[in-house]
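Novice: Provided herewith is a single structure, encoded as structure tokens, for subsequent inquiry.
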Amino acid sequence: TAQQTLRLLDRNWKAFFRAMKEWEKDKEKFNGRPNLPKYKKKNGRSVAIFTNQQCKIKDGHLSFPKTNLKLKTRITGKLKEVRIIPKGSIYV
109 TAQQTLRLLD
119 RNWKAFFRAM
129 KEWEKDKEKF
139 NGRPNLPKYK
149 KKNGRSVAIF
159 TNQQCKIKDG
169 HLSFPKTNLK
179 LKTRITGKLK
189 EVRIIPKGSI
199 YV
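Position 40, counted from 1, in the sequence shown is what the working numbering calls 148; the numbers after and before it change by one each time, with no gaps.
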């Protein structure tokens, strides 16, 4: 998951620099100057990304590495990745 987090960070910075180039060319496309990607606070929550090599689907349950946690799912077929996203007081 650390590698996926770094990939996400890299993607965010590249998008920022692309937006800055576009903003320099045509400021009418934007509401304002593009902002730098934000970092989480020390106790902030962030997205957890697991690859298909880390998570497995077996008998309709999604299992996570190094835990006994199993989530019931209707997903069939192969996984590409699993994202756990914090929304308010829950995770989606």
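By construction, the Cβ of each residue, glycine as well, lies at the ideal position given by its N, Cα and C atoms.
The structure presented is a predicted model; accordingly, all values stated were derived computationally and were not measured.
(1) Using CA atoms only, rank isn't needed, just tell me which of N143, I193, K146 and I198 is closest to S154.
(2) Measure the C-alpha to C-alpha separation of T159 and I165 and round it to an integer number of angstroms.
(3) When you compare only the Cα positions, how much space is there between L170 and E130?
(4) Please return the same chain residues whose Cβ sits closer than 7 angstroms to the Cβ of F124, not counting the five positions on each side in sequence.
(5) Could you tell me the distance, in whole angstroms, from the CA atom of L117 to the CA atom of A156?
Specialist: The answer reads as follows:
(1) Comparing Cα-Cα distances from S154 to each of N143, I193, K146 and I198, the minimum goes to I193.
(2) A direct Cα-Cα distance of roughly 12 angstroms separates T159 from I165.
(3) When rounded, the distance between both Cα atoms is 41 angstroms.
(4) The answer, listed in chain order, is P142, L144 and P145.
(5) Rounded to whole angstroms, L117 to A156 spans 13 angstroms at the Cα level.
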